[in-house]
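For the sequence shown, the numbering used here gives the first residue as 255, with consecutive numbering after it. Just so it is clear, CB atoms sit at the ideal spot from N, CA and C, and this is done for glycine as well. Note that the coordinates shown come from a computational prediction; the quantities given were computed from them, not determined experimentally. Contents: one structure, followed by commentary.
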Amino acid sequence: MNSAFLTFNAGSSSLKFAVFDGGETALEPRLKGLIAGLGGGVPAFSAKDATGVPLDAGALGALGAASDHEAVIALLLPWLAAQLGDVPLLAVGHRVVHGGQYYAGPTRVTPEVITRLAGLEPLAPLHQPHNVAAIRAVAKWQPDTPQIACFDTSFHRTQDRLAQLFALPRDLSDEGILRYGFHGLSYDYIAGALPEHLGVQADGRVIVAHLGNGSSMCAMKDRKSRATTMGFTALDGLMMGRRCGALDPGVVLYLMQEKGMSANEVAELLYKQSGLLGVSELSNDMQVLQASDSPHAKEAIALFCYRAASSLAGLLPAIGGLDALVFTAGIGENSALVRKLICEQLAWLGIVLDDAANEAGQSTISAASSKLRVLVIPTNEERVVADASRALIA
Ligand code: ADP
């Protein structure tokens, strides 16, 4: 490897990173890793090279329980420098959750861009501060290396105005209180992978269900976003690990006016104590819930699936029907149970699952008799960031 691209994907409780060969296009990373359990959990570092061989964690092997994103980045940058040795870094690409109305595509980071992105932190408090912190840390570490910000909001800028509007007074929409949508890098990757799986039908009516800790759906036509379940913030839409998803706004008013909760308390409740965790009173982790006998855990899974099926139905007017459904991300790729429960509630659309294929997690899980194709496609947000960084540098 004569040169390299580095990518960072700072999530709410994790930091993913990857090194791509600067001389090759669109290949798997030379190295990739994950630090999970940040912000309250038990931090765990793992990294492997292109052949899957685990890499020595060094100082990252003994992360304290209280380690946050900033503390971890401070240790990770020297670890990455040691892995790279003399190989020059061409650019560092970042997944950034919110680009607001400013950015319809990847952009090169300048001090002005950092200021704008920091200004969007209140709109994505679980992610944006970590994205900005990673950009600032890299700027200090490698001031001359270009940094590229790739936004989860950009993919959705193809939506019709109606899909982006709230029914609020016009002046609020004009000032940018709109449905932005998120998980765009994941949807971008899946849109690119669709032709391989669906042939010409890839340009038909497709809904992608990105089900992870954060969950959303995107309705695509011509492989472009036409509608999505997340809105102004990543709180709207589907039920998630800790987030409530769509909620009657009257509940927020009631919590504040009648129960005397402050805005910060309500934010904490809706972002961190709701969703699978709040309903199950056990965990935000789908695997833990599936392994539990607790009736509350079962109800949390049932609600997650019911809300997913009903949200999917709400997206259909934007694309006028459905030719294929794609599951992706941690839950979508791995939970046969969740896929089955969601598809059972969509039988009226003509979906018939092939149970054995679903259990085996094959790429096509619909039966031959199904009216529409149901697929499982692993997402790869890092690849989208690396490709965009490469294109922008070129
Ligand atoms: P993030 O939004 O943090 O990137 P992921 O896409 O990694 O989240 O998804 C994490 C979720 O995927 C967790 O709820 C986890 O339990 C779930 N998951 C991972 N593997 C499995 C599995 N084999 N069965 C069920 N759920 C799984």
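Asked                                                                                                     : Found
Residue environment, residue 423, which counts as buried when at least 16 other CB atoms sit within 10 Å  : exposed
Three-way DSSP call (helix, strand, coil) for residue 582 in this model                                   : strand
Among 288, 452, 263, the one whose alpha carbon lies nearest that of residue 580                          : 452
Which residues DSSP lists as bridging residue 486, in chain order                                         : Note: residue 486 sits in no beta bridge, so no partner.
Host alpha helix (DSSP H) of residue 597 (start-end)                                                      : 590 to 598
Distance cut-off 8 angstroms: residue 539 Cβ against heavy atoms of the ligand ADP                        : yes
Identity of the residues DSSP links to residue 460 by a beta bridge                                       : 474, 578
Residue 530: CB within 8 angstroms of a non-hydrogen atom of the ligand ADP                               : yes
Inter-residue spacing [alpha-carbon to alpha-carbon] between residue 477 and residue 640                  : 20 angstroms
Exposed unless 16 or more other CB atoms sit within 10 angstroms - verdict on residue 508                 : exposed
beta-carbon residue 266 near the ligand ADP non-hydrogen atom, thresh 8 angstroms                         : yes
Per-residue burial, residue 526 [other beta carbons within 10 Å of its own, 16 or more giving buried]     : buried
Distance between residue 473 and residue 491 (C-alpha atoms, nearest Å)                                   : 13 angstroms
At least 3 beta-carbon pairs within less than 8 angstroms: the region 349 to 361 vs the region 295 to 307 : no
Distance between beta carbons of residue 401 and residue 363, contact taken as under 8 angstroms          : 4 angstroms
Check whether residue 391 and residue 331 have beta carbons under 9 angstroms apart                       : yes
The ligand ADP heavy atom lying under 8 angstroms from the CB of residue 544                              : yes
Pick from 513, 547, 375, 621 that is closest to residue 266, judged by C-alpha positions                  : 375
Nearest-angstrom Cα separation, counted from residue 607 out to residue 544                               : 20 angstroms
Residue 436 in three-state terms, based on DSSP                                                           : coil
Cβ-Cβ distance between residue 578 and residue 627 below 9 angstroms                                      : yes
Residue closest to residue 568, alpha-carbon to alpha-carbon, out of 600, 592, 394                        : 600
Under the three-state DSSP convention, the category residue 404 falls into                                : strand
Opening and closing residue of the alpha helix (DSSP H) in which residue 564 lies                         : 549 to 573
Heavy atom of the ligand ADP within 8 angstroms of residue 368 beta-carbon                                : no
Residue 315 in three-state terms, based on DSSP                                                           : helix
Any non-hydrogen atom of the ligand ADP closer than 8 angstroms to residue 562 Cβ                         : no
Where residue 369 falls, given that 16 or more other Cβ within 10 Å makes a residue buried                : exposed
N-terminal and C-terminal residue of the alpha helix (DSSP H) that residue 505 is part of                 : 503 to 511
Whole-angstrom distance between residue 415 and residue 407, CA atom to CA atom                           : 15 angstroms
Through-space distance from residue 346 to residue 647, alpha-carbon basis                                : 10 angstroms
Own chain residues within Cβ distance below 7 angstroms of residue 456, not counting five before or after : 448, 449, 477
Alpha-carbon to alpha-carbon, residue 595 and residue 584                                                 : 16 angstroms
Same chain, Cβ closer than 7 angstroms to residue 565, five either side skipped, listed in chain order    : 471, 483, 491, 492
Closer than 8 angstroms: residue 583 CB and nearest the ligand ADP heavy atom                             : yes
Under 9 angstroms between C-beta atoms of residue 274 and residue 334                                     : no
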